[in-house]
Structure formats: C-alpha cells, structure tokens
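Reviewing the structure listed below.
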Amino acid sequence: MEIHSGLGISADNVSITLDGHRILNDISVVAEPGKVTALVGPNGAGKSTLLAALSGDHELSGGDVRIGEHSITELSIAELARYRAVLVQSQELSVPFTSREVIDFGRNPWGCPNEELLAEVIAECDVAHLLDREVPTLSGGERARVHSARVFYQDTPVVLLDEPTAALDLHHAEKIMGMMRARAAAGKAVVVVLHDLSAAAAYADHVVVVAQGRVVKQGPPAETLDAQTVSEVYGIGVEVLRDSAGNPVLVPQRGQDLSP
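Going by the UniProt record's numbering, the sequence shown opens with residue 1, and the numbers climb by one from there.
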C-alpha cells in the first residue's frame, strides 16, 4: 500500500465504553494535514482516550476513525504503523534497550534506516550524549526526549503525542513544540494532548476542548481558549493576557475556585 503525505485524521461520532463506563460520547474531530491540533481539558476528560482512539489502540463502541480515505479498521497493524506514529504517556521499558536501539525502533515499519533523518532527530531532541545509555537509567525528561526522537524518526503522515512536554524542562519543552510545528509545516497532521493552555494557544492551529467525554468547543485558539470557556471547564477563574506575538496567555486567578 502506497503511503502519501498530506493525510489528515478524523474521528466521526466516536464513542468508547470501558468497564461499563462511557468514556467518550459521540466525538467528532478533524485534524488536518499541515496543522497542529491540540486536545485540552481537565484530568479525566477523555483526552488520552480520544488520542488512543485516533491511534487505533482502543476498540470503538460507535463511530469511525479515518486516516485520509481509510478507516483504521481496514488497516493491518503493519500498515497502521506507516500511517501514524504514537507517543503515549507511560514509556516504561522492562528490557534495558539503549537509547540508540529505542530510536531505531522508529524505522521498523519501513524496514530501512534513514541516516539523514536520524541525525536530524537526534540533534533536535538533544539525545546524542544519551545514545549508548540504557533507557531505564535515564531521568524522566531524558526518556521522554528519546521516545520523542523515536516517534519523529518514524516519519509518518500523522503524528499523535500524549503530553510530550510533561516531563521536560522549559528549554526542551520549547524544542519539542517547535518540532511539532515544523512537522506540521512539512504537511503532517499533528495531534497533541496538552495541559499547558498557553502552549496550546501559541503552537496549535486548532484546539479541541474536551470535558466529561464530550467536545465542549473547538476552533482556533483565540476562539476556544477564552476566559469563560476555560473557567467553566476547569472550575477556576482565569485572566487572558497576550504575549508579544498576540497569542493568548492564560493566568489562573488564584483563590477563585469555581468548582461545584
């Protein structure tokens, strides 16, 4: 099967039930090629479950997920690995692979290395000095950068990232966010789960606000990350400021707990 660049990914009325509990309710989202789509919302909202649904890692109770014209149910595991790369939250390894070996796993779907791309992602993720280290011996942030390098080395039309900056310091978080934007600029569809709303506002083209398994609002950051929506969804007052580029910066109004 020939894989073309410029493919988007979409969820059409997707529902997921786990252990008898409805986790996602009729969610429809389109992540277009050439754009970064951010999934935001409080803990337990269903963001990671939605990302897992997009990746094909959860059986759907209803609806469909499509990459380009293909339903993911039509794709084998091997084919799916050529369409989308996935960074999950938990990256624990029980086998002491080196960082170099883990990054190389990214090319397994293609069956051949790409030395130019490998050098690029190693430099961008700042992991050259970690290549011969066993991954279980690394810090949380170092492991996160190694796995990010693996995902970007996979070089698929769709990139799915679950909280890629959660364990990173400010410098490395900005580098990873910049890599996401660069991949989108190259025509990939990037979907990322973020808790940093200001980062979502600065880097995403499209923001999907999720709460209680439903999409509350979606659209450009300036339209979705307004004070009223964020306050209602997160249960805390916020003030929306602007950075030098005009992007929204959300500042919590401490002491204003609006949760029921």
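We treat Cβ as the ideally placed atom computed from N, Cα and C, and that holds for glycine.
Could you pull the start and end residues of the beta strand (DSSP E) that residue i belongs to?
i	result
V88	V88 -> no beta strand (DSSP E), and no H or E assigned at all.
T37	V36 to V40
L241	I236 to R242
L18	I9 to L18
V193	A189 to V193
Using CA atoms only, rank isn't needed, just tell me which of the options is closest to residue i.
i	options	result
A201	Q212, L225 and V193	L225
G68	Q253, P157 and C125	P157
Y83	K35, A45 and V159	V159
A173	N108, R183, Q154 and G141	G141
D104	V192, I77, D155 and E79	D155
R66	V121, A184 and A189	A189
V40	V230, Q253 and N247	V230
S5	G187, V207 and P113	G187
M180	H195, A204 and H70	A204
V192	A38, A31 and N25	A38
Around the C-beta of residue i, are 16 or more other C-beta atoms found within 10 angstroms, so that it is buried, or is it exposed?
i	result
S244	exposed
G235	exposed
V95	exposed
R150	buried
E2	Only weak support is given to the placement of E2: the predicted model assigns it a pLDDT of 48, under 50, and the value that follows is read from those uncertain coordinates. Exposed, by the Cβ-count rule.
L250	buried
C125	buried
E162	Reading the sequence as shown, one finds Asp at residue 162 and not Glu. Label assigned to D162: buried.
P136	exposed
Kindly indicate which three-state DSSP category residue i falls into: helix, strand or coil?
i	result
L160	strand
G219	strand
E59	coil
Q253	strand
M1	Low local confidence applies: a pLDDT of 46 at M1 is under 50, so the model's placement there is unreliable, with the coordinate-based value given in what follows. Looking at M1 - three-state DSSP - the assignment turns out to be coil, as it is neither helix nor strand.
Contact check, residue i vs residue j under 8 angstroms by CB: the rounded distance?
i	j	result
G63	A11	7 angstroms
A45	A211	5 angstroms
K35	A222	Actually they are not in contact, since the Cβ atoms of K35 and A222 sit about 15 angstroms apart, beyond 8 angstroms.
H58	I16	5 angstroms
Within the continuous alpha helix (DSSP H) that includes residue i, where are the two ends?
i	result
I67	Careful: I67 lies outside any alpha helix (DSSP H), inside the beta strand (DSSP E) at G62 to I67.
T49	K47 to S55
V102	S99 to D104
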